[in-house]
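Read top to bottom, the protein sequences are chains A and B. In terms of the UniProt record's numbering, the first sequence is residues 1 to 92. In terms of the UniProt record's numbering, the second sequence is residues 1 to 265. Only one structure is covered here, and it is reproduced in the block below.
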Amino acid sequence: MIVRIMGEGQVKLADSHFAELNKLDDELLTEMESGDAAGFRRTLHALLDKVRELGDPLPDDALEPSQLILPAPDATLDEVREMLSDDGLIPG
Amino acid sequence: MSGVMKRMGMIFRAKANKALDRAEDPRETLDYSYQKQLELLQKVRRGVADVATSRKRLELQLAQLNKQSSTLEDQGRKALALGREDLAREALSRRAALQQQVTDLETQHQTLQGEEEKLTLAAQRLQAKVDAFRTKKETIKATYTAAQAQTRIGEAFSGISEEMGDVGMAIQRAEDKTAQLQARAGAIDELLASGALDDSSGLAKDDIQSELDRLSGGTDVELELQRMKAELAGGSGGGQQAIEGGQGRPQAQQQPQDTPRLDKQ
């Protein structure tokens, strides 16, 4: 599966890694919903590190649609929350 | 539970598709492309017409030069007959100059003819390509429209579209209502049949009353028949006329009536 880290690019990940990543991802969502900014930052970095560690980076000029998308490492809790609101990532 | 990366991916894709959908309708792109091809074809045809016009002009010039050439030849012959060799020489030298022009024009004419043939062939080929494209374009457009409709139907069935979801609810409510009414009607029939419920409409009749009605109805018919027979037996031509006048009616009644069909849902 192809995962995009916003602002960094795409990596290709084997499906076998997803159980592990999903745990962190769900944790991240819980922290976002509860407004735990410190926990959110910690988990986001852990998740991004894991993706970078397990995945193979795709060349910048590769035109592959991403199945999963992750916020940039410096994204704040509010920014991510806004991205997931109705207006979404692309306005309109 | 859906995590952040799944949700972001979904939203991203949905928005990207929406943006793409808005930006480009393949049917419009195809129509635009076809329009451009038609314009190109028009240009090629205009080119063929221009070359053909030039060829015609050359042919006229050639005819003119050939006519002048034969006039000069005649003049030379006459001058020689009159012993004016100098005049004859002049005429023949002019004719020679004209002949050179004729040769040049003939070469040009041949070149133009070749060009014209090539262009005509190209126009024909292009026309065939444009025709083929038009057919393909219409097929693609139809497929696209069908796919769009199919998507909408799919959305309606799966309840993705809110609007269609509402329709689905309305249908469900109507179905529930119908089933409820059917059950109620069934129950009333049963209660009426068992005698637990009185029929207040007066439509239900017992079998004795039905038989009496049938018999009295029959008597009325017999009486009516008798009366008509008596009228005919003692009647004049007016009665005959009345029968003939009414001949069209039974025939008209035999024609099948166009009654609307009610399709059951």
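Even for Gly, the Cβ is constructed at its ideal location relative to N, Cα and C.
Report task. Look up R4(A) in the DSSP assignment and say whether it is helix, strand or coil. Result -> strand
Requested in this report: Starting from the Cα of R27(B), find the closest Cα among E224(B), A233(B), T143(B) and L223(B) and give me that residue.
Outcome: T143(B)
Query raised in the report: Beta carbon of L98(B), beta carbon of L65(B): below 7 Å?
Result: yes
Report task. Pick out whichever of K36(B), A132(B), Q108(B) and R227(B) has its Cα sitting closest to the Cα of A52(B). Result -> Taking each of K36(B), A132(B), Q108(B) and R227(B) in turn and checking the Cα distance to A52(B), the smallest one comes out for Q108(B).
**Report entry** For S66(A), the three-state DSSP class (helix, strand or coil)
**Finding:** Reduced to three states, the DSSP call for S66(A) is coil.
Query raised in the report: Which residues, in order along the stretch 4-32 of chain A, keep a beta-carbon less than 7 Å from a beta-carbon of chain B?
Result: N22, D25, D26, L28, L29 and M32
Query raised in the report: Thinking C-beta only, is K137(B) closer than 7 Å to Y34(B)?
Result: Here Y34(B) is near K137(B), since their CB atoms are less than 7 Å apart.
Requested in this report: Could you please give the first and the last residue of the uninterrupted alpha helix (DSSP H) stretch that includes G39(A)?
Outcome: A37 to L54
Query raised in the report: What whole-angstrom Cβ distance do L54(A) and L13(A) have, given they're in contact under 8 Å?
Result: Confirmed, Cβ separation roughly 6 Å.
Requested in this report: Enumerate in chain order the residues of its own chain whose CB-to-CB distance from Q101(B) is below 7 Å, with the five nearest sequence positions on each side excluded.
Outcome: L65
Requested in this report: Please compile the residues from chain A whose C-beta is within a distance smaller than 7 Å of the C-beta of G47(B).
Outcome: Going along chain A, no residue has its Cβ under 7 Å from G47(B), so there is no contact; the nearest lies around 40 Å.
Query raised in the report: Start and end of the alpha helix (DSSP H) containing D15(A)?
Result: No alpha helix (DSSP H) contains D15(A), which DSSP labels as neither H nor E.
Query - Residue-chain proximity (R57(B), chain A), Cβ-Cβ < 7 Å - result: no
Query raised in the report: With burial defined as no fewer than 16 other Cβ atoms inside 10 Å of the residue's Cβ, what is the status of M228(B): buried or exposed?
Result: Flag for M228(B) reads exposed.
Requested in this report: With distances taken Cα to Cα, identify the nearest neighbour of L68(A) among L232(B), K43(B), M8(B) and L223(B).
Outcome: Distances from the alpha-carbon of L68(A) to those of L232(B), K43(B), M8(B) and L223(B) put M8(B) closest.
Requested in this report: Closer than 8 Å by C-beta to G35(A): which residues in its own chain qualify, once you throw out the five before and the five after it? Chain order, please.
Outcome: L77
Report task. Label S66(A) either buried or exposed according to how many other C-beta atoms from any shown protein chain fall within 10 Å of its C-beta, with 16 as the threshold for buried. Result -> buried
Requested in this report: Closer than 7 Å by beta-carbon distance: list the chain B residues that pair up with S66(A), in chain order.
Outcome: Going along chain B in sequence order, the residues near S66(A) (Cβ under 7 Å) are G9.
Query raised in the report: Near G76(B), which residues of its chain fall below 6 Å by C-beta distance, leaving aside the five closest residues on each side in sequence?
Result: When the five nearest sequence neighbours on each side are left out, the beta carbons in the same chain lying within less than 6 Å of the beta carbon of G76(B) are those of A88, A91 and L92, in order along the chain.
Report task. Closer than 8 Å by C-beta to R57(B): which residues in its own chain qualify, once you throw out the five before and the five after it? Chain order, please. Result -> So the list is empty, once near-sequence residues are dropped.
Requested in this report: Using a threshold of 7 Å, state whether the C-beta atoms of V44(B) and L112(B) are closer than that.
Outcome: no
Query - Any chain E beta carbon closer than 7 Å to L70(A) - result: Here chain E cannot be found, since the structure's protein chains are A and B.
**Report entry** N-terminal and C-terminal residue of the alpha helix (DSSP H) that L77(A) is part of
**Finding:** L77 to M83
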